[in-house]
Structure formats: C-alpha cells, structure tokens
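Trainee:
2 protein chains.
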Amino acid sequence: MTSEEEPFHSVESILQEFIPEEKLRLVNSVLYGETLRKLDLSSAEAESNFDVAGYKFEAKPESSRQPRIVRVGVIQNHIGNPVVSTNVPQERSAIYERVGRIIHQAGRCGVNVLCLQEAWPMPFAFCTREKHPWCEFAESAIDGPSTKFLQALCTKYNMVIVSPILERDDVTDVIWNTAVVIDNHGRVLGKHRKNHIPRVGDFNESTYYFEGNTGHPVFETEFGRIAINICYGRHHPLNWLMFGLNGAEIVFNPSATITGLSEPLWGIEARNAAVANGYFTCAINRVGSEEFPNQFTSGDGKPAHTKFGHFYGSSYITAPNGTRTPGLSRTRDGLLVAELDLNLNRQVRDIWGFQMTQRLPLYVDSLTKASELSFEPQRMK
Amino acid sequence: MTSEEEPFHSVESILQEFIPEEKLRLVNSVLYGETLRKLDLSSAEAESNFDVAGYKFEAKPESSRQPRIVRVGVIQNHIGNPVVSTNVPQERSAIYERVGRIIHQAGRCGVNVLCLQEAWPMPFAFCTREKHPWCEFAESAIDGPSTKFLQALCTKYNMVIVSPILERDDVTDVIWNTAVVIDNHGRVLGKHRKNHIPRVGDFNESTYYFEGNTGHPVFETEFGRIAINICYGRHHPLNWLMFGLNGAEIVFNPSATITGLSEPLWGIEARNAAVANGYFTCAINRVGSEEFPNQFTSGDGKPAHTKFGHFYGSSYITAPNGTRTPGLSRTRDGLLVAELDLNLNRQVRDIWGFQMTQRLPLYVDSLTKASELSFEPQRMK
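Going line by line, the protein sequences match chains A and B. Residue numbering for the first sequence is 76 to 456, as defined by the numbering used here. Residue numbering for the second sequence is 76 to 456, as defined by the numbering used here.
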C-alpha cells in the first residue's frame, strides 16, 4: 500500500534510527516535550496490517480531586479498495471491514472514546468534483448505515465513537460534512457540522457542502467533555477557542490531508491549540493514495490524473502542556491510544494562566470593529 | 558563558551531525518546511563571540507586482555582565557595548528592519520581585538612553529598529513593558505596550507593569508594515489575530523565556501564528543565565537562589506557509537575518483562503456571548 514516492515511515523512526540515545533525549525534549510512558496494550491482538501504539499522559496527584482517567483512541486507515469503483455499497462495505477490525482492537485496548478519520466511510472523492455517484455516500446521521454499523460496537465495548461522515439532511437533502457522536450505550448524542470549508487544490469541498450551522457544541459523555474540530477548521484559532470556551476537555481533529500541501503545518496546529486552550487535542489524518475511475485536475497546472494523495497519516495526541505523542506511521493504518488524566487541563491552566490573562472583552470590541465594512485598521505612519 | 547543565547548541546541530543527508532532507521537510537558500553575508565581519546566519524566503514572480524584498534581522544576546551589580548605568553600558557590536554587523548585512530581544537594555530582573534598584532601568520611550543610543544606529544604517524596553511613562511614572519603533531616519514612529502579562514562576511580571493600553498598532515603515507581539502575548491567538487584521506583514515576538518552562512550545506558537494569519513572524529569545545580588524564590517549592535562567535562545523566523529557518543557538549570542519577499503573504493567503473562510461575524457573536457573566456554554448531554 506504500506508494513509491513516499517510502518513509515517520520522522520519529529516522530520529530513532540515527541519533544516539542521550542526544535523542535532548532532541525529543525540545520537539515533543516530556517523555511519555508507554501503555501496556498486550490485550490487543497482533495484526500485521496496522500498528498499535499507546502512551500515558499523567497529572500530579491532588488532595481534593481523584484522577480523571480516560482512554482515547484514534484510527487512521486506507480505504478498503485503493482503486475505487462506482459501486457505493460495495466500497462502503470494504471500508467497514477494514476499519471494523481496528475498532475491535480499540475495544480490546479499553478505549473509552474513539474517533475515526474525516469522512471515514468513503473515499475522499471531493477531488473529482463529480456529484454522481459520490453523493450517494451521504447518509443520515441518525439512522444511516455508518451510524448503525458503529452503534453495535459502541454497545459491545462501552465506548463512545465519534463518526465523521458525509451527512445528508433527512428533510432538505442538503449535504454536510458532519461528525456524529454515538455514546457508549449506542445512542446518537448529537452531531457537529464542519465550520470552515476549504477551497484549495484537490480540496474544493465547497462544491459539496456549506459552512456548518451547528456552532461549537461540546458533548458531555460519561468519560469527559469532548468536541470535534473537523479538518480545515484546525487552521482557524477562533474555532479551537470556541470549543474551549464551551468547556471541551478533549478536541478531536479528524482530517484528510496530503503531502506537499500541509505536512509542515500538521505538527503545529492541533498542538498549538492544545496549549492555547488548555485541553487535549487528537489530530487524525487518513493514509495512502486513492484512485478514481475518471480523470480530474488539481488546480495546479499539472496534467489530469486519476490518483489522489498521498495522505500522510501521522496522527498524534497532545496534552495542554504541549507534550505530544510520536505520530503514527505516514504510510500504514494505525490505532493510537492515549490514557489521559483530565486533571492535567486545570493544572496546566493554573500554571500558565492563559484563561485569566485572555482579555476577552478587549477582543470582542476589536473584532466587532474589524468585522464592520467601515473598519479602519490601527496604523501608525 | 554556556552553563554546564545546558551544553547543547541546538536541535538542528544534532540532526545535522547524525542523520545522513538524504534522510535529513525528509526530516527537515516535515519539521521545517521548504529548504531555504542561505544568504551571502560575507559583508559581516567575523567575530568570535556571536553567530551570524541568514536565509532567503522567496515568492513566485508576478506579472502585476514587483517583488517586495526586505531584510529583517533579529538579535539574541546575553546581558553584558552575567553577574549583575546594582549600578544601573554601569550594567546598561555593558549591554550597549555587547549589543552595539551585533547591531553594527546587522547594518553591514543590509538589514532594513531589526528587532532586539524583550527588555534588551537590562537584566531580566523581574524574577527578584524587588523594585529597587531594578525600576531604575525604566526609561522614556521618546528620549530615554536606549532610544538615543539606537537612533544614531538607525540613521547610520538606514535601518528601522524595534527596541523592547522597560518604559517609564514620562507623566504618571507608570512602568510598562514596551516596544519602541524607531524608523530608519532615527525618528520614534510609535510604541506598543505588551498586551498580556504573565504570572508564572519567575515571570511574575504583573508586579512591575499592567496589561498594555495601546491596542494592536501596525507601524507603516518604508520597508513594510510591522507589529510587535511582546513575549507572553505569543500564547494568545487573539493577539496575533488582531495584528493581522490591522494589516501587519511582519510580526516580531521579542521574548525572554527559559528551559523547563516553555521550550517545547517555542517552535509552535510563533510559527502557528504565521500560518494562521498569513504573515511573517520573528521569534526572539535571550540567551544564558543571569545572577542577581539577593536571593529569590521561583514559586516552585525549591530553595532560594540567585541565578536565573537558562534562557535558551533559539530565535527563528517563519513564513506564512509554515516554512521556518533553523534556530539560532541555544547558548550563544547571534544575529539571524532573513530576506523576505512580502509578496509571499498574499500568495499564501490566496492558496489557503483562511481570511476568506474565517467567518468573523460568527465569532464576534459567539465571543460576545462568551464574555458575558450570564454565558451558558453550548453543551449536549
């Protein structure tokens, strides 16, 4: 599945291979923060076609609060058939088969809250700008096939699953890019529609859906307060901010993004958001290339082609103090598990004081002015 | 000057030493973005006690606009006497002597806009929480000794200098943490007072000064529109945002921060701001340890001590596409020069569309609600 142009597994594997241990410790302390202990995930069964990794984010003990431990999981994966056919149910089934195997492992690892990648039950066909047949992948958030498929797994493993899908509104037929939150009893807790839509190269997604109308909801699960910042929304600090102001403790960023476009930004944005907002973030990207039946162009002056990608994976999790896990592979499917003590959020907020020093009223005033047509920027000549 | 505990020069020097060239190219493409060409800085004279490095950020040629080339420089340095006396003019002179030598080199490198580190004309004495004698370092922005010292250099080298000082208001005696912008004709173009003040460990700076009252000014220089986000303001995405909305093309972040507190965040925050706001950012940190006459404590349960630091340097410059320079040393004084084509800002904004997709009115509405005492967060149970 590894494409020839993109053979390398990860930055971390290169660092590990060549840098002596003592020096690597220094490099990692600057690039990744504190050293994280690995989780014992021997309850997962070894499978050859995806990686499983797990880390532990610890907080200081407090005399007034018990630790608030939660295991989160993120899954990155290729689609079922890298050469996509126009038979929608068939393509969807191949993905369910592939992702289902990994979800079972997440269950065996004791994951409490799992998030899948953006538009996980479909190829990322938006590059084609063809409506037929790809719009057939759009489905109901409440009782579509993907929700039904996951509900059984939620119940089986007592696990919340965040399911980012292409949603078709049951009444109006409008299509949205939506994350459905299914709780650990298999009930749909709610949904969030992607707030910011890209118009970039192969990601002219505004062809298919509009800016979301669901605000910045935070979902109160049995395992903590979660929110979802879908893909391109990670470029918008205000989006991250509002999830924080609404009380999110963990924000997932299910994404689909490719080498040559965003990779130098990938390690920065979700991580910066964790620090700025005092919560955990989980950045998830799909993996591999996807080939479509018809030619398309990418808005870059290059010849028409049928292959899209390489999606570079590299999913990772960051704590509010900026410490992050290594990334999953750039080329292979994977399950990344992290055990979080949610007490760390408040501990880090107490240390840094970003919430106290934020001066929100100042910015309400400035942004109000800046959003008016008569706005005059503050300039000194 | 290198302290025993902090012997390593930089992450980049370790990567360079151990990773083979072909693999290093891959690592750097993920960690640092595009490969930057080095500037020819042979006009600078070799000096043994500081480093000089220079890089070039290029933009695509356009048929309707000429390139807009500007050379920016940032200086990181130890104070003049690492063991600080209470003789304020003497300490200040030692710093002028040390920094002056580097400024001359910046002039010889053709730097158009230069920025010094936070509170550059003084030791970072705020850790002591003693008012006497350190408040004596506070000086007029208009005609204080540091402004006068720099005005001559601005004129000599046709160079704008951003001078972050401890400012004493000429009328009220109030002290501020201020960046003074002196233009290339030696005139004070204006000043900006630090908007967000830390209360963290050795950085209980609210003892000395209050949150700034100058908004988010952008200074229109002959070489481009610049702004200054002072130190702890880099943790606040809204602060970066307002400088962007006011039209900044280059935002300097003069700082003073130490190992063990912020280092894993250092490479993220100013870089994320460049990406999110479509401008260049220049992150500057001082270097080394500073020793004070009297003992102080650091709010961390450890015994009283007299030594403060290690400030870890690592100053760097980032383009709006996320590509960044290597950092200056963690241990040595340095001058980092970058030649920017400011056309890159608009080119990257056109590619990514973050300004178009920002939905400012949505956030004005949400933040207005969030700043009210009656605010009810958007939660789903």
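From the three backbone atoms N, C-alpha and C, an ideal C-beta is built for every residue, glycine too.
1) For the segment 103 to 114 of chain B, which residues have a beta carbon sitting closer than 9 angstroms to at least one beta carbon of chain A?
2) Use the C-beta contact count for T253(A): other C-beta atoms within 10 angstroms, 16 or more gives buried, fewer gives exposed.
3) Tell me, to the nearest whole angstrom, how far the beta carbon of C184(A) is from that of V412(A); I am working on the premise that it is less than 8 angstroms.
4) Distance check for E133(B) and T296(B), CA to CA, integer angstroms please.
5) When you compare each of I333(B), T230(B), A349(B), T398(B) to N187(B) by their alpha carbons, which one comes out closest?
6) Keeping to the same chain, check which residues put their C-beta closer than 6 angstroms to that of K266(B); ignore five residues upstream and five downstream.
7) Between the alpha carbons of C210(B) and P292(B), how many angstroms are there, rounded?
8) Please classify G175(B) as buried or exposed, where buried requires at least 16 neighbouring CB atoms within 10 angstroms.
9) Please report the residue range of the beta strand (DSSP E) in which P329(A) lies.
10) In chain order, which alpha helix (DSSP H) runs of at least 4 residues are fully inside the segment 82 to 158 of chain B?
11) Can you tell which of G261(A), F294(A), I257(A), I305(A) has its C-alpha closest to the C-alpha of I458(A)?
12) Say whether the segment 334 to 349 of chain B touches the segment 340 to 350 of chain A, bearing in mind that this needs 3 or more beta-carbon pairs closer than 8 angstroms, one atom from each stretch.
13) Ignore the nearest five residues each way along the sequence and tell me which others in I236(B)'s own chain have a CB closer than 6 angstroms to its CB.
14) Is the CB of S373(B) under 8 angstroms away from at least one CB in chain A?
15) Measuring only between beta-carbons, confirm whether N304(B) sits less than 8 angstroms from chain A.
16) Pairing CB atoms from the segment 372 to 385 of chain A with CB atoms from the segment 84 to 103 of chain A, are three or more of them under 8 angstroms?
17) In whole angstroms, give me the CA-to-CA distance for P368(B) and Q180(A).
18) Looking at chain B, is there any beta carbon in it that lies within less than 8 angstroms of the beta carbon of G428(A)?
19) Any C-beta of chain A sitting closer than 8 angstroms to the C-beta of S78(B)?
20) Would you mind working out which of Q453(B), E365(B), T400(B) sits nearest I333(B), comparing C-alpha positions?
21) Does DSSP classify V350(B) as helix, strand or coil?
22) Given that I89(A) touches chain B, what residues does it touch there, using C-beta distances under 8 angstroms?
23) Please give the ranges of any alpha helix (DSSP H) in the segment 219 to 277 of chain B, keeping only runs that are unbroken, at least 4 residues long and fully inside the region.
24) May I ask which residues mark the beginning and end of the beta strand (DSSP E) holding E366(A)?
25) Per DSSP, what kind of secondary structure is M455(A) in: helix, strand or coil?
26) For a cutoff of 8 angstroms on Cβ pairs, would you count T282(B) as touching chain A?
27) Would you kindly work out how many angstroms separate the C-alpha atoms of T77(A) and F386(B), rounded to a whole number?
28) Taking the alpha-carbon positions, what's the A445(A) to P312(B) distance?
29) Taking the alpha-carbon of F450(A) as reference, which of L435(B), E451(B), V263(B), S449(B) has the nearest alpha-carbon?
30) Find the nearest neighbour of W427(A) within the set W251(B), V163(B), G308(B), judged by alpha-carbon distance.
31) Using DSSP with H/G/I as helix, E/B as strand and the rest coil, what is G428(B)?
32) Using the three-state DSSP reduction, which class does V186(A) fall into: helix, strand or coil?
33) Between the segment 392 to 405 of chain A and chain B, which residues of the former have a C-beta closer than 7 angstroms to a C-beta of the latter?
34) Thinking I240(B) and G219(B) are a contact (beta carbons under 8 angstroms), I'd like their distance in whole angstroms, please.
35) Closer than 7 angstroms, Cβ to any Cβ of chain B: which residues of the segment 339 to 357 of chain A, in chain order?
36) Need the endpoints of the alpha helix (DSSP H) that G319(A) sits in, please.
Mentor: According to the data block:
1) S104, V105, L106, Y107, G108, E109
2) Against the first sequence, residue 253(A) aligns to sequence position 178. It counts as buried.
3) Position 109 of the first sequence holds residue 184(A). Position 337 of the first sequence holds residue 412(A). Confirmed, Cβ separation roughly 5 angstroms.
4) Position 221 of the second sequence, counting from 1, holds the residue named residue 296(B). Position 58 of the second sequence, counting from 1, holds the residue named residue 133(B). Cα to Cα, the separation comes out at about 21 angstroms.
5) By one-based count along the second sequence, residue 187(B) stands at place 112. The option with the nearest alpha carbon to N187(B) is T230(B).
6) By 1-based counting over the second sequence, the position of residue 266(B) is 191. For K266(B), where only same-chain residues beyond five positions count, the Cβ hits under 6 angstroms are A216, T253, V255.
7) Taking the second sequence and counting its residues from 1, one reaches residue 210(B) at position 135. Taking the second sequence and counting its residues from 1, one reaches residue 292(B) at position 217. Straight-line Cα distance between these residues: approximately 26 angstroms.
8) In the second sequence, residue 175(B) corresponds to position 100, counting from 1. It is exposed - the Cβ of G175(B) has fewer than 16 other Cβ atoms within 10 Å.
9) On the first sequence, residue 329(A) is found 254 positions in, with the first residue counted as 1. For P329(A), the enclosing beta strand (DSSP E) has its first and last residue at 325 to 330.
10) 86 to 93, 96 to 106
11) Any answer about residue 458(A) is impossible in this case: the structure gives chain A only from 76 up to 456.
12) yes
13) The residue given as residue 236(B) occupies position 161 in the second sequence. These residues qualify, in order along the chain: L189, L225, C229, I257.
14) If you number the second sequence from 1, residue 373(B) lands on position 298. No, S373(B) lies away from the interface with chain A (no Cβ there is under 8 angstroms from its Cβ).
15) Position 229 of the second sequence, counted from the start, is the residue given in the question as residue 304(B). No, N304(B) lies away from the interface with chain A (no Cβ there is under 8 angstroms from its Cβ).
16) no
17) The sequence position of residue 368(B) within the second sequence is 293, counting from 1. The sequence position of residue 180(A) within the first sequence is 105, counting from 1. Roughly 60 angstroms between the two C-alpha positions.
18) In the first sequence, residue 428(A) corresponds to position 353, counting from 1. So yes, G428(A) belongs to the interface.
19) As a position in the second sequence, residue 78(B) is number 3, starting the count at 1. Legend: pLDDT at S78(B) = 41, less than 50; position of this residue unreliable, value from coordinates given subsequently. Output row for S78(B): interface = no.
20) On the second sequence, residue 333(B) is found 258 positions in, with the first residue counted as 1. Taking only the C-alpha atoms, the option nearest I333(B) is E365(B).
21) Sequence index remark: in the second sequence, residue 350(B) carries index 275 (1-based). The answer is helix: DSSP assigns V350(B) an H, G or I state.
22) By 1-based counting over the first sequence, the position of residue 89(A) is 14. What I89(A) touches in chain B: I94, K98, L101, V102.
23) 220 to 232
24) Indexing the first sequence from 1 puts residue 366(A) at position 291. Looking at the DSSP string, the run of the beta strand (DSSP E) that includes E366(A) is 362 to 371.
25) Locating residue 455(A) in the first sequence gives position 380, where the first residue counts as 1. Note: M455(A) maps to strand in three-state DSSP.
26) By one-based count along the second sequence, residue 282(B) stands at place 207. False, the Cβ-Cβ gap to chain A never drops below 8 angstroms.
27) Taking the first residue of the first sequence as 1, we reach residue 77(A) at position 2. Taking the first residue of the second sequence as 1, we reach residue 386(B) at position 311. With a pLDDT of 37 at T77(A), under the threshold of 50, the predicted position of this residue should be treated as unreliable, though the coordinate-derived value follows. So the two alpha carbons sit approximately 43 angstroms from each other.
28) As a position in the first sequence, residue 445(A) is number 370, starting the count at 1. As a position in the second sequence, residue 312(B) is number 237, starting the count at 1. Going by the C-alpha atoms only, they are around 16 angstroms apart.
29) Mapped onto the first sequence, residue 450(A) falls at position 375. Selected option, being the one with the closest Cα: L435(B).
30) The residue given as residue 427(A) occupies position 352 in the first sequence. The shortest Cα separation from W427(A) among W251(B), V163(B), G308(B) belongs to G308(B).
31) Within the second sequence, numbered from 1, the residue matching residue 428(B) stands at position 353. Here G428(B) sits in coil by DSSP.
32) Here residue 186(A) corresponds to residue number 111 of the first sequence, with the count starting at 1. The answer is coil: DSSP assigns V186(A) none of H, G, I, E or B.
33) G397, T398
34) Taking the first residue of the second sequence as 1, we reach residue 240(B) at position 165. Taking the first residue of the second sequence as 1, we reach residue 219(B) at position 144. So it is a contact: roughly 7 angstroms between Cβ atoms.
35) P339, L340, I343, E344, R346, N347, V350, A351
36) By one-based count along the first sequence, residue 319(A) stands at place 244. Counting along the chain, the alpha helix (DSSP H) containing G319(A) begins and ends at 312 to 320.
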